[in-house]
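Residue numbers (this note's numbering), protein chains in the order written: chain C, 2 to 253; chain A, 4 to 360.
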């Protein structure tokens, strides 16, 4: 089961660039939450703060509190523990090219010393089924490299890799922006199924995508959270003028 | 001719100005045109340039060809006398009744001790240099604060610019006495039982000294190539591993070293190529006796060191010919090793892991 996320007064910097300013919001458990906004508005930085990936950049800095479940991830945990509980899928598919499909999915578990072969087989199969890739790759799990798949398959492989460690939250940073329409709709279907088991936060450029998959949507602009509402409300009756302008295509 | 419309165009402009500028432009244009026309079609300069460049390129083949031809030509005598057994035969010394390999006085020549010396010192050098070099590369690409990165990389690469005779001098005056006084006796005490460290050479010269100095000399090439292939690994690979909850070391192992491994192997082999051919520093510290010993503390000789040492003193034709045959063998070994290494490095920096970029 997924857990909820509580963000309070989150600020983030890249060097002297104040990329996130005073973000506070509540992301409910077992729902998909979409974050929209023009390029450079801070939405990617925001999700990277949720698994402490932001600080892997040496010039980055964060203040504020993020509670995932009942823990403050900046006060009460180390980045390594957080990233085990919070999976992430990136904008560009990044499977490990030197590993087989099987090893790609099992990578997170092997990394943490999980060595029960039978259980590993099961987890790999379940993860690949959950990411709707099993039928396409089951015959050459150990023969083909992760890089030999098509772009859309690679992205679903990356989702399977994230699911294999059974995270509580799944962050997706524009997971479909590098993919063709067919692959994109597969990923969207997948998000629909996955949100029953996981809390999903998805960053997207594509407003239709947000409308299709998410219950709640946040609109970011210039490092601030302009509006955070139920998706149907934000797309039909936004309370902020800037949100309306963005959604109706006046900028962005 | 109805096409000429100059009067109509000029009619739109103020008369005087048009007239002046028009005249200037026409005269300039015709000057430029005259000049350009006088240049002809430049075909012969182009052909000449082309020919010159082809000549430059072909000269490389010419030089390599001449080297090989000369080496083969001049080693005929030894080749016809000893054949393939040149590389592995040994004989009983009639005076000392010990196993010998190389006796210019009695015209007995075998390359075996030199092959052995070259291989032992080179692989010893790899064993020391590879962990160090990979460690340096990891530190430089993944851990080093940005401000220190450039100066440190520059310093490691500066090691490659030091002339090998300087390394040799340093080794003779600093490294060898150190080994003799402090290191070798302890190695004998602690690891003597392996048979690799025997107490029979009090000079401090030998395979170990040669291996260490070679390791320092090949360190920069291995670490700079390793650094290069590690930098070629896309950032997204590192992030992918980190997002799975990896520690820094796990990230480097799974996300970086794994992707860069072919290139790293290439760098190592390139280092091996350099170690195999290195002459001066090795000659100064290896001890220069054509013997085969299991102990790394014993004197030995390498293919390049025997050529450097004996060539000017070789009197008999057979002696010269044998030395040249050793040179020929060394030539082929280093060429093959280097070609193989370049191929591996090229394969990595050109594509394999970059597919996911």
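The beta-carbon is built from N, C-alpha and C at its ideal position, and this holds for glycine as well. The structure presented is a predicted model; accordingly, all values stated were derived computationally and were not measured.
*For residue 109(C), return the contacting residues in chain A, with the cut-off set at a CB-CB distance below 8 Å.*
247 and 248
_Against chain C, with Cβ distances strictly below 7 Å, would residue 261(A) count as a contact?_
yes
*Enumerate, from N- to C-terminal direction, the unbroken alpha helix (DSSP H) stretches of 4 or more residues contained entirely within the stretch 185-269 of chain A.*
187-194, 210-234 and 238-246
_For residue 22(C), report the span of its alpha helix (DSSP H) as first-last._
Bounds of any alpha helix (DSSP H) do not take in residue 22(C); it lies within the beta strand (DSSP E) bounded by 18-28.
*Got a sec: which bits of the stretch 231-244 of chain A sit with their beta carbon under 7 Å from any beta carbon on chain C, in order along the chain?*
239, 240, 242 and 243
*Determine the direct distance from the alpha carbon of residue 237(A) to that of residue 120(A), and round the result to whole angstroms.*
41 Å
_Bridge partners - residue 64(C), DSSP secondary structure assignment_ = 12(C)
_Run through the DSSP bridge pairs and tell me what residue 105(A) is partnered with._
The partner list for residue 105(A) (beta bridge, DSSP) reads 112(A).
_Runs of beta strand (DSSP E) wholly within the stretch 57-119 of chain C (minimum 3 residues, chain order)_ = DSSP runs (the beta strand (DSSP E)) wholly in the stretch 57-119 of chain C: 61-69 and 87-90.
*Taking C-alpha atoms, which residue in 182(A), 271(A), 243(A) and 140(A) lies nearest to residue 231(A)?*
140(A)
_Can you confirm whether residue 57(C), when its beta carbon is compared against all beta carbons of chain A, has any partner nearer than 7 Å?_
yes
*First through last residue of the alpha helix (DSSP H) which encompasses residue 64(A)*: 46-77
*If you run the structure through DSSP and keep just helix, strand and coil, what is residue 237(C)?*
helix
_Restricting to Cα atoms, I'd like to know which of 34(A), 56(A), 122(A) and 132(A) is closest to residue 220(A)._
132(A)
*residue 294(A) CB to nearest chain C CB: under 7 Å?*
no
*Name the residue from 61(A), 283(A), 32(A) and 36(A) whose alpha carbon lies nearest to the alpha carbon of residue 173(A).*
It is 283(A).
_For residue 173(C), would you say it is in contact with chain A, using Cβ-to-Cβ distances shorter than 7 Å as the test?_
no
*What did DSSP end up calling residue 179(C) once you bin it into helix, strand or coil?*
The three-state reading of DSSP puts residue 179(C) in coil, since its state is none of H, G, I, E or B.
_Only counting the same chain, and skipping five residues up and downstream in sequence, which positions put a Cβ closer than 6 Å to that of residue 241(C)?_
227 and 228
_7 Å Cβ cutoff met for residue 89(A) and residue 306(A)_ = no
*Consult DSSP for residue 169(C) and reduce its assignment to one of helix, strand or coil.*
coil
*Which word fits residue 108(A), buried or exposed, when buried means at least 16 other C-beta atoms lie within 10 angstroms of its C-beta?*
exposed
*What does residue 149(A) touch in chain C if you count any residue whose Cβ is under 8 Å from its own?*
From the beta-carbon of residue 149(A), the residues of chain C found nearer than 8 Å are 59.
*Would you say residue 145(A) faces chain C, with C-beta separation under 7 Å as the test?*
Not closer than 7 Å to any Cβ of chain C, the Cβ of residue 145(A) fails to qualify, so no.
*Over what stretch of residues does the alpha helix (DSSP H) that includes residue 157(A) continue unbroken?*
149-162
*Between the Cα of residue 197(C) and those of 29(C), 95(C) and 17(C), spot the shortest distance and give me the residue it belongs to.*
29(C)
*For residue 328(A) and chain C, any beta-carbon pair shorter than 7 Å?*
no
*Where residue 18(A) and residue 34(A) are concerned, what is the direct C-alpha to C-alpha distance, given to the nearest angstrom?*
With a pLDDT of only 49 at residue 18(A), under 50, the local geometry of the prediction cannot be trusted, and no value is derived from it.
_Here's the rule I'm using: 16 or more other beta-carbon atoms within 10 Å means buried, otherwise exposed. How should residue 117(C) be labelled?_
exposed
*For the putative contact between residue 224(A) and residue 130(A), defined by C-beta atoms under 8 Å, what is the C-beta separation to the nearest angstrom?*
With a Cβ gap of about 16 Å, residue 224(A) and residue 130(A) do not count as contacting.
*Using a cut-off of 9 Å between C-beta atoms, extract the partners of residue 157(C) located in chain A.*
In chain order: nothing, as chain A lies at least about 14 Å away.
*Indicate the three-state DSSP secondary structure (helix, strand or coil) for residue 345(A) in the structure shown.*
helix
_Three CB pairs or more closer than 8 Å across the stretch 63-75 of chain C and the stretch 2-17 of chain C_ = yes
_Local Cβ density within 10 Å of residue 175(C), reported as buried at 16 or more and exposed below that_ = buried
*Who are the near neighbours of residue 179(C) in its chain, counting only those whose CB is closer than 8 Å to its CB and skipping five residues on each side?*
92, 93, 94, 152 and 156
_residue 303(A) beta carbon less than 7 Å from that of residue 210(A)_ = Taking 7 Å as the Cβ cut-off, residue 210(A) and residue 303(A) qualify as a contacting pair.
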